[in-house]
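First up is the structure itself, then whatever we jot down about it.
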Amino acid sequence: MNTTKAAGKQRVQFDFSPEALQRLEHLQETLDAATKAEVVRNALKLYEWFATQIDPEATIEVKDKEGNSLFRIPLKVLLS
Numbered sequence: 001m002n003t004t005k006a007a008g009k010q011r012v013q014f015d016f017s018p019e020a021l022q023r024l025e026h027l028q029e030t031l032d033a034a035t036k037a038e039v040v041r042n043a044l045k046l047y048e049w050f051a052t053q054i055d056p057e058a059t060i061e062v063k064d065k066e067g068n069s070l071f072r073i074p075l076k077v078l079l080s
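If you're matching positions, the sequence shown starts at 1 in the working numbering and goes up one per residue.
Shown next, in the form of structure tokens:
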């Protein structure tokens, strides 16, 4: 990872596997993000919120519009 400072910002450069880059590009397209950096910044905000605001022993549950449980995952799985 390389970093450089310019006008109050820092440039951070990451190496991605081809699969990770494809996932990033898919998210960029799906979210209509202007840049890959926008996707990473938004993902970082969400990850930070999970890591600091939610009890690591909590479980995330996704429900459909009728309230049926579609998916459950312990938060600690996402934070490890």
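C-beta atoms are modelled at their ideal positions from N, C-alpha and C, and glycine is treated no differently.
- Between the C-alpha atoms of K36 and V77 there is a straight-line separation of about 25 Å.
- F50 places its beta carbon less than 8 Å from that of L75.
- Taking the Cβ atoms as the reference, R72 lies roughly 7 Å from I60, within the contact range of under 8 Å.
- Fully contained in the stretch 46–80 are the following beta strand (DSSP E) runs of length 3 or more, in chain order: 59–63, 69–74.
- The Cβ-Cβ distance between L27 and V39 falls below 8 Å.
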